[in-house]
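Shown next, in structure tokens, is the structure this report addresses.
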Amino acid sequence: MNETAISVKNLKKSFGAAQAVRDVTFDVHRGEIFGLLGPNGAGKTTTIRMILDIFRPDSGSVSVLGGPMDDSKNNRTGYLPEERGLYKDATVANCVLYLAELKGLARAEAKTRAAAYFEQLDLTAHKKKKVQDLSKGMQQKVQIITTLIHKPELLVIDEPFSGLDPINTRLIQDLLLAQHREGVTIVMSTHQMYQVEEMCDRLVLINKGESVLYGAVDEIRRRYADNAVRVVAVGDLPPMAGVHETSRKGNARVLHLAEGVTTQQVMRQLADAPGLLIESFELALPTMDDIFVRVVGA
Amino acid sequence: MKKTLTIFRREFLSLVGKPSFWFGLIVVPILVGVFVLIIALTSGAAAAASAAAKSRESTAQGVVDAAGLLRNQPAVLASQPNLKLFATEDEAAAALMEKTINSYYVVDAQFMANGAVRYVARQFSPIDTDDRSDDFEKTLRLALINGNDKVLERLDKPVRVQDELRVAPEEAGKKPEFSPVPIIAAVMFMGTLLGSSAYLMQSVSTEKENRVMEVLMSSVTPRQLLTGKILGLGLVGFLQMFMSLGSALLALPFLQRVPQLRPYLGVITAEAIGWSVLYFVLGYFIYASLMAGLGALMPAAKEASSYSFFVMLPLLAPVYLNASIVAAPNSALSVALSLFPLSTPVAMTMRLLATTVPWWQPLLAAVLMLGGSVVTLRVVERLFRAQSLLRGTKPSVREVVAALRG
Amino acid sequence: MRKIITIIREEYRRRVLRKEFIGLLLLPLIIIAIGTVIGFITSESLDGENRGVVGVVDPRGVLAGAVDARANDGVTFVRVKGAEDGRAALMREELRALYVLRPSFADDGAVDAFYLSKPPGNDIERAFGAYARTTLLNEFEPAVRARLDEGAVFTYQTPDRSRTFARDDVLTFVLPILIGVVLIVSLMVGAQYLMQAVIDEKENRTIEVLITSVTPRQLMAGKILGLTAVTLTQIVTWGLGATAALLLLRERIPLLRTISLDSSFLAAMGALFVLQFLMYAAIMVAIGSAVTDAKQGQAISTPFILLAIAPEFFLPALFIDPNGVIAVILTLFPFTSPFTLAFRYGMTTVPGWQMLVAVALMAAAAVLAIVAAGRLFRVGLLRFGQKVPLGELFDALRI
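Residue numbers (my numbering), protein chains in the order written: chain H, 35 to 332; chain R, 38 to 443; chain Z, 223 to 621.
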């Protein structure tokens with residue numbers, strides 16, 4: 035399971051005087067959903083393009099599925115670029131078939147699979163229409179089909195949810211999770227941090243061309259956790275030893291603990307407080323949003 | 038290879054499958070025919086109307102002879118019954134208003150010194166068959182020599198060439214004095230070449246604009262994309278070429294049967310056709326790669342097509358200079374243009390049809406073109422890289438130079 | 223009103239303050255330069271054929287008194303003793319051609335021509351005729367001789383004597399046509415640009431922002447007027463440049479001295495052009511607002527462009543009968559009137575009433591087009607990425 039799908043080491047790439055990527059290093063394990071995060075202009079797309087061998091790096095190395103990218107591996111990879119691109123004046127079916135064939139799929143096979151996807155994504159009625167006559171959401175679905183149709187082992191998707199309504203977002207999310215269950219490795223770049231928390235196993239955060247944060251999502255959240263607990267309770271909290279600050283967040287209260295104080299000590303004090311009904315008591319983990327802002331803003 | 042084939046097939050089918058392609062192939066010639074018909078009908082109607090109007094008008098012309106030239110020449114005047122003498126211009130103008138004459142001449146009092154004659158008429162057209170001022174000039178000159186028309190005839194035609202004799206021995210495959218065939222062939226070649234290579238540029242630009250380029254880049258290499266496109270659209274160009282060439286060759290025997298046309302058709306040798314076809318194919322590879330490179334450099338179709346004129350210039354130059362090339366097909370300029378790979382397809386075709394070209398020149402031109410197409414393909418391949426293909430802005434000169442260096 | 227002026231200023235600035243616009247202003251100079259180069263190369267290569275030394279074999283000395291005539295133009299004649307010598311000289315390429323006089327030459331001018339590989343063309347034959355004519359003319363007294371040789375100098379005049387031109391004055395005929403062509407091309411370029419601008423703003427959704435600040439009517443008026451100002455800038459610059467060049471070169475080039483364009487023609491052309499531009503601008507804005515992309519816009523606007531250049535299809539008819547029914551109809555029909563008027567002006571006098579009616583009809587057509595475009599613009603403007611159904615467009619026109 036912990037085989038490496040992608041290994042990126044000390045990547046560098048500049049365009050003229052502009053250094054797009056300075057130093058990026060990370061590994062993606064086989065079968066995981068890996069988050070590739072970073073603010074706008076951090077070098078995410080350039081990194082992705084180097085992984086896919088669209089750009090050659092100035093220095094550093096990329097290994098995909100156990101070696102350098104080649105034509106057969108190309109066919110085992112699916113890519114959904116951030117700026118969506120389809121032939122606007124071609125029909126939906128023709129567009130999908132052509133791009134599938136370019137991924138090495140035989141025409142007949144491509145037809146059957148396309149039909150299945152059209153059925154699954156409610157596009158059967160529209161397959162004879164021109165791409166430009168579809169709504170934005172439908173074009174997005176067509177684009178996803180072109181990414182998945184050749185059953186890739188490795189998916190690289192850039193902002194898969196931009197411009198989708200909640201229903202379609204759920205639809206695509208389910209589609210991706212189904213791929214995940216089948217063992218497909220997914221590299222996902224997104225700005226929606228709650229999606230990262232929900233879907234990703236591990237992540238790398240790139241800022242100004244360098245990887246600044248890398249690891250498992252849970253581990254990172256724990257690493258960035260302050261010594262604090264989140265308490266939801268009915269009644270007033272008593273003054274407690276070892277708590278140097280209390281703040282409100284919604285209906286919960288966050289107790290910031292002094293150094294060396296453990297959660298058990300606080301829990302004990304709360305348990306003993308008269309007239310207090312505790313509904314929930316948990317470690318106050320920062321959201322990915324908080325971590326992102328904290329790391330990038332610093 | 039398979040991917041190149043897939044691209045090849047798509048490029049070919051997407052062009053041939055377009056209604057506009059067939060529109061251009063079938064409807065445009067029909068429209069042209071309709072326009073020609075309109076022109077013929079309207080000009081026929083206009084000619085009839087104008088003839089009818091003129092038949093109601095007087096054919097007489099007035100003369101105000103201030104120089105007193107005709108007054109003393111009753112014999113000359115008698116030979117021109119259509120001319121009416123007026124004493125003053127006012128009388129002549131009044132007659133013109135009353136339409137008893139359709140125009141009048143005023144011979145200047147100083148005619149012997151300055152030759153001035155004023156012609157007053159309602160309209161002047163460069164192709165007006167009604168303009169008889171040449172006849173009137175003849176009348177005036179006849180009056181100068183007292184009506185001696187024998188002398189006038191000698192003066193007008195002092196020399197009559199009886200026989201024209203060639204001194205140098207006849208060359209084999211002598212070409213005619215003038216034939217429109219080289220120019221027609223050159224324009225046809227140029228049109229098809231430019232059309233198909235412009236379409237290639239368009240197709241690259243569209244993929245850039247549509248952002249399909251990035252998807253394609255993750256599936257195929259730039260080289261596969263370039264090869265597939267050049268071959269796919271080339272096939273369309275070649276088909277068009279062979280269709281027009283074929284129909285021209287089919288029509289030729291019939292045209293040659295028309296005696297009035299035969300002298301203008303010239304001698305069309307199999308050799309000239311063979312070389313021209315070869316130049317067309319090689320020329321396509323050169324221009325198609327150049328235009329593909331332009332499409333790769335520019336962010337969108339609009340920018341690309343505004344620069345394409347400069348790429349096409351070498352092909353247009355021989356067409357602009359056609360008069361010079363056809364008149365002097367072996368001049369230094371003609372030879373230079375026909376050996377320069379970018380203008381060979383048009384210039385050499387014109388020369389081959391217009392004259393006898395030394396045997397080594399077509400061969401050298403083909404070799405130079407072959408070299409030229411290899412070089413352009415190499416150079417354009419450097420432009421046809423992901424970095425250019427995915428760029429969304431117009432490149433600076435430095436960036437272009439950097440891309441060309443590789 | 224202030225908003226319209228803001229739009230006008232922006233549209234004007236966006237187009238005029240660009241390198242491309244300066245290039246456009248310099249275009250006529252570039253065309254003249256290219257034309258001169260092509261003309262020079264062509265005439266150089268053609269002249270070689272029609273010039274050179276021509277031998278004359280004249281056993282009876284009929285042409286003893288002949289001299290090189292004015293009209294010889296680069297052809298010189300030498301006397302050659304016998305036909306054999308002449309052929310040898312031809313073979314050595316010392317002579318371009320050789321004329322051998324027949325015994326009857328004095329009576330009928332009969333000669334035989336010899337050449338190496340290319341027959342002497344009409345120019346050389348004409349030069350030989352002029353050379354031989356000098357002996358015939360010697361018999362006349364000098365005053366008559368000059369008249370016989372030079373012929374008459376014709377000037378043409380219209381019956382109202384308002385316009386005079388030389389018989390071979392191509393310029394009087396060509397200049398109005400040239401003006402017509404320049405105006406038509408400017409009209410097409412300007413109007414197409416306007417359509418493209420509307421389509422671009424639709425495609426990149428700028429229009430969505432604009433429409434929250436100004437009304438569709440203001441937006442349309444601003445765009446049309448702004449672009450009219452741009453095109454007028456271009457035309458006026460060209461006009462001033464041409465006038466300046468004319469005044470400067472007048473003294474040097476005699477051909478230019480006869481140019482006369484009367485003010486009523488220029489006024490009519492100016493009025494027709496501005497009105498036609500407004501009409502086309504309105505049509506193009508309406509098309510731009512109703513279509514989804516440039517290709518579609520092109521397809522729909524092509525018929526309108528064909529209408530404007532329609533007079534070209536009728537050129538032969540106009541040539542044959544510049545005052546006929548077809549000519550008058552085309553002069554009055556708004557889409558075709560400027561070009562037809564320009565064309566006819568070179569050949570005839572166009573009655574004043576026709577110019578007046580043409581301007582009046584054009585004004586009416588322009589107003590109609592602007593009103594219709596205003597309605598269509600509102601309907602089509604905010605439809606992105608989809609065609610506006612035809613029915614809806616007709617509904618918009620009917621209100």
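Every residue gets a Cβ at the ideal spot worked out from N, C-alpha and C, and that includes glycine.
Count the other C-beta atoms from every protein chain shown that fall within 10 angstroms of the C-beta of R/Gly210, then say buried if there are 16 or more, exposed otherwise. Unreliable positioning characterises R/Gly210 in this predicted model, as indicated by a pLDDT of 47, which lies under 50. A coordinate reading is not provided.
Looking at the secondary structure, which residues open and close the beta strand (DSSP E) in which H/Lys43 lies? 38–49
Could you work out which residue in H/Val266, H/Gly72, H/Ile191, H/Val58 is closest to H/Ser245 when comparing CA atoms only? H/Val58
Using a Cβ-Cβ cut-off of 7 Å (strictly less than) and excluding sequence neighbours within five positions of R/Tyr344, which residues of its own chain qualify? Leu331, Met335
For Z/Leu400, count neighbouring C-beta atoms within 10 Å of its own C-beta (all shown protein chains included) and say buried if the count is 16 or more, exposed if not. Label assigned to Z/Leu400: exposed.
Could you tell me whether any Cβ in chain H is nearer than 8 Å to the Cβ of R/Met250? yes
Just checking my contact of R/Ala83 with Z/Ile542 at CB under 8 Å: how many whole Å lie between their CB atoms? Indeed they touch by this definition, with Cβ atoms about 5 Å apart.
Do R/Gln160 and R/Ala153 count as a contact pair if the criterion is CB distance below 8 Å? no
In terms of alpha-carbon separation, which member of Z/Pro556, Z/Thr562, Z/Thr264 lies closest to Z/Ala549? Here the closest residue by C-alpha is Z/Thr562.
Run down chain Z in chain order and give the residues with a C-beta less than 8 Å from the C-beta of R/Arg197. For a Cβ distance threshold of 8 Å, residue set Asp330, Gly331, Ala332, Val333 of chain Z lies close to R/Arg197, ordered along the chain.
Once DSSP output is grouped into helix, strand and coil, what is the label at Z/Glu315? coil
Straight-line Cα distance separating R/Ser240 from Z/Phe499: Each residue's alpha carbon lies about 34 Å from the other.
Determine the burial state of Z/Met584: buried for a count of at least 16 other Cβ atoms within 10 Å of its Cβ, exposed for fewer. buried
Please name the residues in the stretch 539–563 of chain Z whose beta-carbon is closer than 9 Å to at least one beta-carbon of chain R, in chain order. Ala539, Leu540, Phe541, Ile542, Asp543, Pro544, Asn545, Gly546, Val547, Ile548, Ala549
Chain-ordered chain R contacts of Z/Gln271 [CB-CB under 7 Å]: The question names Gln, but residue 271 of chain Z is Glu in the sequence shown. Per Cβ cutoff of 7 Å: Ala364.
DSSP on H/Gly65, reduced to helix/strand/coil? coil
Any beta carbon from chain Z within less than 8 Å of R/Phe45's own beta carbon? no
How far does the alpha helix (DSSP H) with R/Leu177 in it extend, from its first residue to its last? Counting along the chain, the alpha helix (DSSP H) containing R/Leu177 begins and ends at 170–181.
Through-space distance from Z/Val300 to Z/Arg367, alpha-carbon basis: 24 Å
Where does the unbroken alpha helix (DSSP H) through H/His214 begin, and where does it stop? 200–215
Looking at the structure shown, is R/Met238 part of a helix, part of a strand, or coil, going by DSSP? helix
Find out if the Cβ-Cβ distance for the pair R/Gln293, R/Leu286 is shorter than 8 Å. Going by C-beta atoms, R/Gln293 is not nearer than 8 Å to R/Leu286.
Starting from the N-terminal side, write out each stretch of the alpha helix (DSSP H) that is 4 residues or longer and does not extend beyond the stretch 279–309 of chain R. 299–302
Mapping DSSP to helix, strand and coil, what is H/Val76? A quick correction: the sequence has Ala, not Val, at residue 76 of chain H. H/Ala76: coil per DSSP, three-state reduction.
Can you give me the Cβ contacts of R/Leu298 inside the same chain, cut-off strictly under 6 Å, excluding the 5 residues immediately before and after it? Leu292
Per DSSP, R/Arg7 is paired with what? Nothing about residue 7 of chain R can be read from this structure; chain R reaches only from 38 to 443.
Chain H contact for R/Val257 (CB, 8 Å cutoff): Yes - at least one Cβ of chain H is within 8 Å of the one on R/Val257.
Of all the CB atoms in chain C, is at least one closer than 8 Å to the CB of H/Arg118? Checking the listed chains, one finds no chain C in this structure; the protein chains it contains are H, R and Z.
C-beta neighbour in chain Z for R/Gly210, strict 8 Å: Any answer about R/Gly210 is weak, because its pLDDT of 47 lies below 50 and its placement is not dependable; what the coordinates show is given next. By this cut-off, R/Gly210 is not an interface position.
Spell out whether any CB of chain Z is found under 8 Å from the CB atom of R/Lys266. no
Quick one: list the residues of chain H neighbouring R/Glu16, beta-carbon separation under 8 Å, in chain order. A question about residue 16 of chain R goes unanswered here, because the residues of chain R that appear run from 38 up to 443.
Measure the beta-carbon distance from R/Ala325 to R/Gly271 and round it to whole angstroms, keeping in mind my assumption that it falls under 8 Å. 6 Å
Compare the C-beta of Z/Val375 against all C-beta atoms of chain R and say whether one is closer than 8 Å. Z/Val375 belongs to the set of residues whose beta carbon lies under 8 Å from a beta carbon in chain R.
Which value, in whole angstroms, describes the spacing of the CA atoms of Z/Ser339 and Z/Thr298? 20 Å
Neighbour flag for Z/Pro476 against chain R, beta carbons, 8 Å: no
Going by Cα to Cα distance, which pick from R/Leu414, R/Ala77, R/Ile67 is closest to Z/Ala539? R/Ala77
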